[in-house]
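Some notes on the structure that comes next.
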Amino acid sequence: MSARTTTDRQQFTGSMRFLHWLMAAMVLAMLGIGIAMVASLGDYRRLVSIHRPLGILILILVVIRFVNRRLSSLPPFPATMSPQERFAARASEALLYTLLLVQPLVGWGMLSAARYPIVLFGSLHLFPILPHSVMLYAVLRRTHTFLAYLLFLAFVAHFGAILFHALIVRDGMLSRMAPWRVRAR
Amino acid sequence: MAPLGANEDAKTTNGSGELLSETAPMEKHPAPLTARNMFARLAGIGVLLLGVVGAFLYLGGWFSPQKLTPARFVDEFERVSGIHSGFRRNHAKGVCVRGFFDSNGQGARLSKAVAFQSGRVPVVGRFSLGGGDPHATDDLSTVRGLGLQFSLPDGEQWRTAMIDLPVFPFKDPQAFYDNLVASQRDPNTHQPDPAKGAAFLASHPETARALAIIKSHAPSSGFDNTAYYSLNAFRFVNAEGASTYVRWTLAPVQPYEAGTGASQDKNFLFDGLIASIQQHPLQWHLIMTVAQPGDPTDNATIQWPEGREQVDVGTLTLDSVESEETNPARDINFDPLVLPAGMAPSNDPLLSARSAVYSQSFTRRAGETKEPSEITPSEVRK
Chain A
1 MSARTTTDRQ QFTGSMRFLH WLMAAMVLAM LGIGIAMVAS LGDYRRLVSI HRPLGILILI
61 LVVIRFVNRR LSSLPPFPAT MSPQERFAAR ASEALLYTLL LVQPLVGWGM LSAARYPIVL
121 FGSLHLFPIL PHSVMLYAVL RRTHTFLAYL LFLAFVAHFG AILFHALIVR DGMLSRMAPW
181 RVRAR
Chain B
1001 MAPLGANEDA KTTNGSGELL SETAPMEKHP APLTARNMFA RLAGIGVLLL GVVGAFLYLG
1061 GWFSPQKLTP ARFVDEFERV SGIHSGFRRN HAKGVCVRGF FDSNGQGARL SKAVAFQSGR
1121 VPVVGRFSLG GGDPHATDDL STVRGLGLQF SLPDGEQWRT AMIDLPVFPF KDPQAFYDNL
1181 VASQRDPNTH QPDPAKGAAF LASHPETARA LAIIKSHAPS SGFDNTAYYS LNAFRFVNAE
1241 GASTYVRWTL APVQPYEAGT GASQDKNFLF DGLIASIQQH PLQWHLIMTV AQPGDPTDNA
1301 TIQWPEGREQ VDVGTLTLDS VESEETNPAR DINFDPLVLP AGMAPSNDPL LSARSAVYSQ
1361 SFTRRAGETK EPSEITPSEV RK
């Protein structure tokens, strides 16, 4: 890709790794809460009241994370990866970033179109970003479900790929994003 | 961890020359995996991935097809009443109203919600009859509903969906659902099976007790002289942070008049409401009944004892009526858990379930073509 990838870094920067693992936990929790709440009667309220503010927090963090990534130098891919694998890795990364940005926006948009107040905490709530239209809500609501499954599948692929690298190829791929500091060789 | 994979040799000897252009410098190889070791690791990866997918589907209820979900609840409403495009799955027949709420400030000691500070807030609402048929014939014995949305000055909202029953016949969502199933009409006789109804009552004594209370209140002659009840308890929090459990009632200013039942045309209840509101604004007092410690807050089938403190917190005035076709209330989900700060749900299991099922009903009807309402704009004008 760019010259930024050809540094002698062994790992992503500390802030990138922190944001990665923080968001990984949040997004996984979010996917679980999302699929559980739509099938739940008794826990619906509790889950919804976590889902909405957590979604907005993810939206804020993904913007910070994207900017942070643009400003940081990146470690190179391991030598084991073919150009096709590198392309797949970059494409899946782009897909994940896009989904993490679009999914909360679709959620905010659909609640806006339905004129549900989006309460974050106490009396703090978000303004609507779309006009009141139940048809628009219906489309965005379906989109939100579709994107959630797509995001989940992208996560499974990402998880599978890193397990493959860590356990089969053993090329140090995981150490690039390890939460702990890996000493330069 | 070593920087190179076991398959590095294979790749470089395959002649992919550009492979090394962006890579870290080569160092020592990890020892190659034995076939058995490789298989075990691949199997481990497979198990982990399947576990993740399985956990996700488990959370979504895929492995518990008997579990009552919002979708299955609404399916049952649709089985009972059919699907009427664009209409609510319950309380399908309705008409919309506008007005305002004048708070007298007395509620502020119970809740810090802006709605209870002295002043006026605009209200939109919808009167409805229970049942999933939007063209049902009005009947005095049908449950009457009133959904309201209070738009508070700072953009907060309070929504409430009330009915004219002083207690609710079902203590939890499962009982409500089981009753829906039991009251399913037989395809041959077009009547519910009385044996199923009796069996339901026998296994739900709280429903029998609630129905006795409900039957002791003869229905009034119209929507305008009816009292509407919150049914569920809510937790109010005041500015000092003190919590109180309350239920509320809209007590009509219009004098009670017993319904005669001498009939009357298909829309007599709605037509009566329209005529009444066009004559003069309709008013209700919003009365908060305050629980004492020990009063049940999680069971809407039980009335609180007589003599509980009642606080009149203000007056609701409804002064205009419109067909659903021209009023935004059609597209509002009167979700009882849209609450401003200072009002919170109680532990009543019905509240979360109502919110979930209303949302499911709203989502289904939102995407459907909107058929004309029974109460058309010309019906309102005549």
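If you're matching them up, the sequences are chains A and B in order. Just so you know, we're using my numbering here: the first sequence kicks off at 1 and counts up by one. Just so you know, we're using my numbering here: the second sequence kicks off at 1001 and counts up by one. Positions of the beta carbon are idealized from the N, C-alpha and C atoms, including for glycine. Values in this document were obtained by computation on a predicted structure and should not be read as measured data.
query	result
Give a yes or no on whether the minimum CB-CB distance between B/Ala1353 and chain A is below 9 Å.	yes
Rounded to whole angstroms, what's the CA-CA distance from B/Ala1195 to B/Leu1050? Just pull it up for me.	47 Å
Checking 9 Å against the spacing of the C-beta atoms, do B/Tyr1245 and B/Ala1300 come in under that value?	no
If the cut is a Cβ gap below 8 Å, which residues of chain A does B/Ile1332 touch?	Arg115
Hey, is the region 1298-1317 of chain B in contact with the region 1108-1124 of chain B, meaning 3+ C-beta pairs nearer than 8 Å?	yes
Between B/Met1162 and B/Leu1250, how many whole angstroms is the CB-CB distance? I'm expecting something under 8 Å.	7 Å
I'd like to know if the region 1041-1055 of chain B and the region 1332-1348 of chain B are in contact, where contact means that at least 3 CB-CB pairs between them fall below 8 Å.	no
Since B/Gln1310 is in the beta strand (DSSP E), which residue starts that stretch and which ends it?	Gln1310 to Glu1322
Would you kindly work out how many angstroms separate the C-alpha atoms of B/Thr1137 and A/Gly32, rounded to a whole number?	44 Å
For the region 145-170 of chain A, which residues have a CB atom closer than 7 Å to at least one CB atom of chain B, in sequence order?	Phe152, Val156, Phe159, Gly160, Leu163, Phe164, Leu167, Ile168, Val169 and Arg170
Three-state secondary structure (DSSP) at B/Glu1027?	Its pLDDT being 47, under 50, B/Glu1027 is placed unreliably by the model, and the measurement read from it follows with that caveat. Reduced to three states, the DSSP call for B/Glu1027 is coil.
For A/Ser49, which of helix, strand or coil comes out of DSSP?	helix
Give me the subset of the region 1045-1057 of chain B whose CB atoms are less than 7 Å from a CB atom of chain A, sorted by chain position.	Ile1045, Leu1048, Leu1049, Val1052, Val1053 and Phe1056
Which residue marks the beginning of the alpha helix (DSSP H) containing A/Ala24, and which one marks its end?	Gly14 to Met37
Could you spell out where the beta strand (DSSP E) holding B/Gly1099 opens and where it closes?	Lys1093 to Ser1103
Thinking B/Pro1345 and B/Phe1268 are a contact (beta carbons under 8 Å), I'd like their distance in whole angstroms, please.	About 36 Å; that fails the 8 Å criterion.
Could you check whether the Cβ of A/Ala91 sits closer than 9 Å to any Cβ belonging to chain B?	no
Give the C-beta separation of B/His1084 and B/Asp1133 to the nearest angstrom, bearing in mind that I take them to be a contact with Cβ-Cβ under 8 Å.	7 Å
Would you tell me roughly how many angstroms separate the C-alpha atoms of B/Ala1202 and B/Tyr1177, rounded to the nearest one?	16 Å
What do you reckon, are the CB atoms on B/Pro1173 and B/Leu1282 nearer than 9 Å?	no
Find the residues of chain A that neighbour B/Pro1173, judging by a C-beta separation of less than 7 Å, and give them in chain order.	Leu41
Got a sec? Which residues, its chain only, sit under 8 Å from A/Val196 by beta carbon, not counting five neighbours each side?	This structure gives no information on residue 196 of chain A, because the portion of chain A shown stretches from 1 to 185.
Just mark B/Pro1122 as buried or exposed, buried being the case when its beta carbon has 16 or more other beta carbons within 10 Å.	exposed
Given this structure, state the Cα-to-Cα distance separating B/Gly1017 from B/Phe1039, to the nearest angstrom.	The predicted position of B/Gly1017 is uncertain, since its pLDDT is 37 and thus under 50; no value can be drawn from it.
Say whether chain B places a C-beta atom closer than 9 Å to the C-beta of A/Gly55.	no
Would you please verify whether the beta carbon of A/Ile35 is less than 9 Å from any beta carbon of chain B?	yes
When the distance is taken between beta carbons, is B/Val1097 closer than 9 Å to B/Phe1127?	yes
So, does the region 1141-1157 of chain B touch the region 116-132 of chain A, judging by three or more C-beta pairs under 8 Å?	yes
Between B/Ser1373 and the rest of its own chain, which residues show a CB-CB distance below 6 Å, the 5 nearest in sequence each way excluded?	Ser1323, Glu1324 and Glu1325
Between B/Phe1170 and chain A, is there a C-beta pair that is closer than 9 Å?	no
Can you find a C-beta in chain A that's less than 9 Å from the C-beta of B/Glu1156?	yes
Buried or exposed, going by whether 16 or more other CB atoms sit within 10 Å of the CB of A/Ile50?	exposed
Leaving aside the five residues before and after A/Pro117 along the sequence, list all residues of the same chain whose C-beta is less than 6 Å from its C-beta, in chain order.	His125
I want to verify the contact list: residues of chain D whose CB lies under 7 Å from the CB of B/Thr1260, in sequence order.	No chain D appears in the structure shown, which is made up of the protein chains A and B.
Shorter than 9 Å from the beta carbon of B/Leu1148 to some beta carbon of chain A?	no
Buried or exposed for B/Arg1365, going by 16 or more other Cβ atoms inside 10 Å?	buried
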